[in-house]
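4 protein chains.
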Amino acid sequence: MNGAQGRPLRADAARNRARLLDVATEVFTARGVGTPTEEIARAAGVGVGTLFRHFPTKEALLEAVMVRRLEAIAARTAELTIDTEPATAFFDAFRLVIDQSAGKNEFTRALAAAGVDAHESLRESSTVIRTQLAELLAGAQRAGAVRPELGVPELMALLVGTTASMDQLGADPAARERIFDVVFDGLRPQ
Amino acid sequence: MNGAQGRPLRADAARNRARLLDVATEVFTARGVGTPTEEIARAAGVGVGTLFRHFPTKEALLEAVMVRRLEAIAARTAELTIDTEPATAFFDAFRLVIDQSAGKNEFTRALAAAGVDAHESLRESSTVIRTQLAELLAGAQRAGAVRPELGVPELMALLVGTTASMDQLGADPAARERIFDVVFDGLRPQ
Amino acid sequence: MNGAQGRPLRADAARNRARLLDVATEVFTARGVGTPTEEIARAAGVGVGTLFRHFPTKEALLEAVMVRRLEAIAARTAELTIDTEPATAFFDAFRLVIDQSAGKNEFTRALAAAGVDAHESLRESSTVIRTQLAELLAGAQRAGAVRPELGVPELMALLVGTTASMDQLGADPAARERIFDVVFDGLRPQ
Amino acid sequence: MNGAQGRPLRADAARNRARLLDVATEVFTARGVGTPTEEIARAAGVGVGTLFRHFPTKEALLEAVMVRRLEAIAARTAELTIDTEPATAFFDAFRLVIDQSAGKNEFTRALAAAGVDAHESLRESSTVIRTQLAELLAGAQRAGAVRPELGVPELMALLVGTTASMDQLGADPAARERIFDVVFDGLRPQ
DNA sequence: CATGAATGAGTATTCATTCAT
DNA sequence: GATGAATGAATACTCATTCAT
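Residue numbers (the numbering used here), protein chains in the order written: chain X, 17 to 206; chain L, 17 to 206; chain U, 17 to 206; chain P, 17 to 206.
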């Protein structure tokens, strides 16, 4: 997808760009967005110059990482939306976002904030997701599977919050499932 | 609690220390923990030297701020524990933690992380809260007001997560209440 | 002089500031304004941090250097203006500016440009000089010692140009005097 | 002149070289010699690689630009030297150099410095001009149109200085003429 | 030959921490 | 004790130059 790519990158350049994105995702997640650019470049096996050639700013790199993540989520959410029963689709999508965001709290917050103050590219991809979520939410509500009084802002907030809960909890799958139980049961009309 | 203070501080020194803590709480909350120490010193009306005399490290200052916050929460939670009906006490305490932590997500995460990797003083005060929460949780579960399968880790995770949801949501009180509805209903035995 | 000095600097701070200005003047002159700040700090015997504490920007340092230079010229020009015969005062001042500016072409150009686009402090001090030169020029013209059709812009241009000539020429005193002969004779009504 | 070119350039290579020189002249003049090489390459419609193939160093490019400028001046000065009355030839050449150098002070200084420390190619072309100017000066002095005590160094200095004056003055043609009046009258025997 | 991606040394600036006043 | 000046390691970003495609 990748937005408006001026000219197609040369093979090696594309490889470097992809590698930088992968590494940056990993490093930002593991050690925080404060990690020096040089570290990321080194981890990607390129010089700083290369990093800055592909992403003119550290912020731009962070943005690109988030856009990729958002686009991945949007793509998988789109699959769910098609021929799945509305309630199932909604809860599956909720899980999907949480799982994709796990360990990436800083990103998720940026994600949510995107609707308010982020740059164009981010806003663009987050708008897509926001729209998808709005549809899923409406569908689930029409099907009587989700409290009717909830709006998209509350849904976003719960997504962010649940992600934070999961990050806090660590890897224990049973405990994670108990969190999902609480949130999902709470989402249903009482 | 203040730990083991060798000799009691002179009056002005004590005043400076308190003022620094107040200001640091405010500034770290409003502008993030990245705010330069000099800014905090200036806002407190003292020189950096004084700041570093009271808190040998920026991290130590941050820690002290969090300890104070934890102690305040513990104190108010203790009040709730005494002669209140268990279920009410539990949900009131939950709200209390959320309200005290609102807008201080960075702190809350540090708080929660405390059980794992923070310094002694932090662990100490967070242990107090953890114990209180454990008691409140057990009480509410005995009273049949909270799902019995939940443990303290899940409770902590939900506290952190709900704080994140609230931060994300902003000030709208009705929406905040809807989040509480979801979480509290989800906490109840189904 | 020195503009609005908030509080008087501590003795050592003042010494450092002065030393930095001296060294910067020398180094910028000898090796150009492209010289790294770190070099200047080292030459002044202080750390970079100190340099940036006194001058928040490299540009600010350059500006301060120029202001000092301008103020010195203004002060000495003021002495000349008092009880000296107009024609003599004018030509002495001309020499003075040239001598003060020798080897500092980059500065002189900045000086002249100040009237157009420099920062407040620079504009301020250059306005003083400009005014003094205007008076000196008018006096010399009234005394019939300088071509009446010349204005301050032309005078400024000639000052800059003569400085450039001198820089180009090097130290040979006799040759320098020949340049002065050409310019001064050319300035006189023909 | 182009120096000793091993093999004649292919047509397109020659075109690129010429285009790079044109563009570099323009860009260095308009935005200073600090302009990145990449900018120049882009403006010339070639890649950086091509630029560096033709000029192994940025400095070499700058040098080539100056050589071309010098050669142009030399050529036009040569025309003047032939069948023109000596005094007229001298003053016309003076004007010519000034007009060609206008707005290119950085170059002119480099030009003048060439006699002292520049590379061979520059020295070569500046020697030509220097010789021409020496002849023109001698002719004008023999004709009694210029002060006899002036030498070529002073003439060079005055050329550089007058260029600086003009740069400083800007476009006002009347004011420029007044500067010429001062310098030319000053050059004449008094 | 041309291209433009990669390189990495170099530069201005910030900020936690120390120490002379 | 308090002050704030000094320190210098750390960091984002630039740009001349090289080299794989």
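By construction, the Cβ of each residue, glycine as well, lies at the ideal position given by its N, Cα and C atoms.
Just so it is clear, the structure is predicted and the values come from calculations on it, not from any experiment.
- Query: With respect to the alpha helix (DSSP H) encompassing R163/U, which residues constitute its N-terminal and C-terminal limits?
  - Reply: Annotation for R163/U: no alpha helix (DSSP H) segment contains it, and DSSP assigns it neither H nor E.
- Query: Using the beta-carbon of each residue, which ones in chain L are nearer than 7 Å to A180/X?
  - Reply: Within 7 Å Cβ-Cβ: V176, G177 and A180.
- Message: Can you look up F71/P in the DSSP assignment and give me helix, strand or coil?
- Response: DSSP places F71/P in the coil class of the three-state scheme, outside both helix and strand.
- Message: So with CB distances below 8 Å, who are the chain U contacts of T202/P?
- Response: It should be pointed out that residue 202/P corresponds to Gly in this sequence rather than to Thr. Around G202/P, the beta-carbon contacts reaching into chain U at under 8 Å are D197, V198, V199, F200, D201, G202 and L203.
- Task: Let me know the secondary structure DSSP gives R204/P once reduced to three states.
- Result: The answer is coil: DSSP assigns R204/P none of H, G, I, E or B.
- Item | Rounded straight-line distance, which links the Cα of D28/U to that of L2/P | Because residue 2/P is not part of the residues shown, which for chain P are 17 to 206, the question remains open.
- Item | Under 8 Å from the C-beta of A191/P: neighbouring residues of chain U | Chain U residues near A191/P: G167, P169, E170 and A173.
- May I ask which residues mark the beginning and end of the alpha helix (DSSP H) holding L39/L? According to the sequence as given, residue 39/L is Val; it is not Leu. It spans A27 to R47 - the alpha helix (DSSP H) in which V39/L sits, taken as one unbroken run.
- Message: Let's test the definition: count the other Cβ atoms within 10 Å of the Cβ of H70/X and tell me whether it reaches 16, buried, or not, exposed.
- Response: Buried, since its Cβ has 16 or more Cβ neighbours within 10 Å.
- Message: Which same chain residues end up closer than 7 Å to A80/L when comparing Cβ atoms and leaving out the 5 residues on each side of it in sequence?
- Response: L37 and F71, listed in sequence order.
- Task: For the alpha helix (DSSP H) holding A154/U, just list the boundary residues, first then last.
- Result: In the DSSP assignment, A154/U falls within the alpha helix (DSSP H) that extends over E136 to R158.
- Item | Residue from A46/X, P52/X and L67/X with nearest C-alpha to A34/X | For A34/X, the closest C-alpha among the options A46/X, P52/X and L67/X is that of L67/X.
- Message: Can you tell me whether G177/P is buried or exposed? The criterion is at least 16 other CB atoms within 10 Å of its CB, across all chains shown.
- Response: Classification of G177/P: buried, given that the 10 Å Cβ count is 16 or more.
- Query: Buried or exposed: which applies to A109/U, given that a residue is buried once 16 or more other Cβ atoms fall within 10 Å of its Cβ?
  - Reply: Label assigned to A109/U: buried.
- Within-8 Å CB hit, R194/L to chain X: Closer than 8 Å to some Cβ of chain X, the Cβ of R194/L qualifies, so yes.
- Can you give me the Cβ contacts of R163/X inside the same chain, cut-off strictly under 6 Å, excluding the 5 residues immediately before and after it? Contacts found: P205.
- Query: What residues in its chain sit with their C-beta under 7 Å from that of M17/P, if we drop five residues either side in the sequence?
  - Reply: Its pLDDT being 43, under 50, M17/P is placed unreliably in this model, and the value from its coordinates should be taken loosely. So the list reads E87, once near-sequence residues are dropped.
- Taking C-beta to C-beta, are V168/U and A90/U nearer than 8 Å? Result no, Cβ atoms of V168/U and A90/U do not sit closer than 8 Å.
- Can you find a C-beta in chain X that's less than 8 Å from the C-beta of A20/L? Residue placement at A20/L is poorly supported in this model, since its pLDDT is 44, which falls under 50; the coordinates still yield a value, given next. For A20/L, no Cβ of chain X is located within less than 8 Å of the residue's own Cβ.
- Message: What ranges does the alpha helix (DSSP H) occupy inside the segment 72 to 117 of chain P, keeping only unbroken runs of at least 4 residues that lie completely in it?
- Response: The qualifying runs are 74 to 97 and 102 to 117.
- Less than 7 Å between the CB of T66/X and some heavy atom of the ligand MG, yes or no? Within the structure as shown, the ligand MG is missing, as the structure has no ligands at all.
- Got a sec: is the Cβ-Cβ distance from M17/P to anything in chain U below 8 Å? Legend: pLDDT at M17/P = 43, less than 50; position of this residue unreliable, value from coordinates given subsequently. The Cβ of M17/P sits no closer than 8 Å to any Cβ of chain U.
- Task: Would you list, in chain order, the members of the segment 139 to 162 of chain X that have their beta-carbon closer than 9 Å to a beta-carbon of chain L?
- Result: Correct list: empty, as no residue qualifies.
- Any chain P beta carbon closer than 8 Å to Q116/U: Chain P, which has no Cβ nearer than 8 Å to the Cβ of Q116/U, makes this no.
- Measure the alpha-carbon distance for R5/X versus A57/L and round it to whole angstroms. Beyond the ends of chain X as shown, which are 17 and 206, falls residue 5/X; an answer cannot be given.
- Message: Going by beta-carbon coordinates alone, are L149/X and L171/X separated by less than 8 Å?
- Response: A contact, by the Cβ cut-off of 8 Å.
- Query: Quick one: is I114/U buried, meaning 16 or more other Cβ sit within 10 Å of its Cβ, or exposed?
  - Reply: I114/U counts as buried, since no fewer than 16 other beta carbons sit within 10 angstroms of its beta carbon.
- L112/X versus chain L: which residues are under 8 Å apart at the beta carbon? In chain order: nothing, as chain L lies at least about 17 Å away.
- Item | Burial state of R85/X, where buried means 16 or more other Cβ atoms lie within 10 Å | Its Cβ being crowded by 16 or more others within 10 Å, R85/X is buried.
- Message: I'd like to know whether the C-beta of L78/U is nearer than 8 Å to at least one C-beta of chain P.
- Response: Under the Cβ distance rule, L78/U does not count among the residues neighbouring chain P, no pair being separated by less than 8 Å.
- Message: Any beta carbon of chain L sitting closer than 8 Å to that of L67/X?
- Response: Not one chain L Cβ lies under 8 Å of L67/X.
- Message: Under DSSP, the alpha helix (DSSP H) around T53/U begins and ends at which residues?
- Response: Residues T53 to A60.
- Item | Amino acids of chain L, ordered along the chain, whose beta-carbon sits closer than 8 Å to that of L36/X | Listed by position along chain L, the residues whose Cβ is nearer than 8 Å to that of L36/X form an empty set, because the closest Cβ is around 25 Å away.
- Buried or exposed for R31/P, please, with buried defined as at least 16 other CB atoms from any protein chain shown within 10 angstroms of its CB. By the Cβ neighbour-count rule, R31/P is exposed, with fewer than 16 other Cβ atoms within 10 Å of its own.
- Item | Proximity test, Cβ basis, 8 Å: L185/X and chain L | Interface residue, yes.
- Among A103/U, P52/U, M182/U and R111/U, which residue has its Cα nearest to the Cα of R158/U? The shortest Cα separation from R158/U among A103/U, P52/U, M182/U and R111/U belongs to A103/U.
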